[in-house]
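Below: one structure, written as C-alpha cells.
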Amino acid sequence: MLPSTWSEGQIVVRAVVAAQTPALHAAVTECVDIVGLDPTFAEVPESEIGELVEKSVADESQERGFRMRSIHVGPAEELAGYFHLMEDVPNAGDAWLSILAIRPRFRRSGVGTTLIKSLKSVLAAQGFRFALARVYLANVPALQFWTRLGFTEIVPHRGDYIGHDLGKPCIVLRASLGR
3 MLPSTWSEGQ IVVRAVVAAQ TPALHAAVTE CVDIVGLDPT FAEVPESEIG
53 ELVEKSVADE SQERGFRMRS IHVGPAEELA GYFHLMEDVP NAGDAWLSIL
103 AIRPRFRRSG VGTTLIKSLK SVLAAQGFRF ALARVYLANV PALQFWTRLG
153 FTEIVPHRGD YIGHDLGKPC IVLRASLGR
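In terms of our numbering, the sequence shown has 106 at position 104, counting the first letter as 1, and numbering is strictly consecutive.
Have a look at this one:
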C-alpha cells in the first residue's frame, strides 16, 4: 500500500481528499499546453477529476488499489501537481503510473525528478518489483524524462487501464525497482 504521506527534499506527497478536487482540476487544466504531445492532458471536466479522487479515497482502505497523490512544494506546500497509479496492474508487483501532471511553473525545477526517484524507493519498500509508465511517442521531453529515471525497458501492451483509448502511438516503459 502506497503511504498516504511522505516527503523528499523540496516536495511533500499527500493522499488526495475531496476538498482538493477544484485545485487538482485547475492543475491538470494548466497542463493543456502539452496536449499536442500527450492527449491525456486534453481538458477534462472537474467531475472526472472528482471521480478519480473518490476512487482513490475509497481504495485507501484496501491493501492494493488505485492511488492518487498531490505533490506540494516549499514551506507553504503549494500544489505543484499530482499523480495517480494502480497497484498490481498489469501484474502482481507492478505499479502503473497512469498520469503525472506537473503544473507548468514547476516543470524543469526538479519536482518531477525528485518525485519519481522518491516514488521508486517508496514502491520498492512496499514490495513492488516494477514501475510502469505509458508515454506518447510525440512527447520527446517525456521520453527523455522517463528514460533518464530508469524507465528503459519497453513492454508489450494493448489498451488502457484507465478506461480510454486516445488512439495515439505510445509505448509502455518499465523500471525495475531492484527487488
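Every residue gets a Cβ at the ideal spot worked out from N, C-alpha and C, and that includes glycine.
No experiment lies behind these values; they were computed from the predicted model shown.
Is it right to say Y163 is buried, meaning 16 or more other beta carbons lie within 10 angstroms of its own, or is it exposed? Below a pLDDT of 50, predicted positions are generally treated as unreliable, and Y163, at 48, falls in that range; no measurement from the model is reported.
Given a threshold of 16 other Cβ atoms within 10 Å of its Cβ, counted over all protein chains shown, does E89 qualify as buried or as exposed? Buried, by the Cβ-count rule.
Could you tell me whether the Cβ atoms of L87 and L4 are closer together than 9 Å? Going by beta carbons, L87 and L4 fall inside the 9 Å limit.
Of the listed residues A133, A78 and E53, nearest to E155 (C-alpha basis): Measuring from the Cα of E155, the nearest candidate turns out to be A133.
Scan the segment 36–90 and note each continuous alpha helix (DSSP H) run of 4 residues or more that stays entirely inside, going in chain order. Entirely contained in the segment 36–90, the alpha helix (DSSP H) runs reaching 4 residues are, in chain order, 48–61.
Quick check on the burial criterion: 16 or more other C-beta atoms within 10 angstroms. Buried or exposed for S9? Residue burial is scored here from C-beta neighbours: S9 has fewer than 16 other C-beta atoms within 10 angstroms and is therefore classed as exposed.
Given that a residue counts as buried once 16 or more other Cβ atoms are within 10 Å of its Cβ, and exposed if not, what is N93? Counting Cβ neighbours within 10 Å, N93 comes out exposed, since fewer than 16 surround it.
So, G38 versus A135, is the Cβ gap smaller than 9 Å? Not closer than 9 Å, so no.
Just how far apart, CA to CA, sit A97 and G114? Those two C-alpha atoms are separated by around 17 Å.
What first and last residue would you give for the alpha helix (DSSP H) that runs through T115? According to the DSSP assignment, T115 belongs to the alpha helix (DSSP H) that extends over V113 to A127.
Would a C-beta distance cut-off of 9 Å place C29 and R69 closer than the cut-off? The question names Cys, but residue 29 is Ala in the sequence shown. No; because the gap between Cβ atoms is not below 9 Å, this pair is not in contact.
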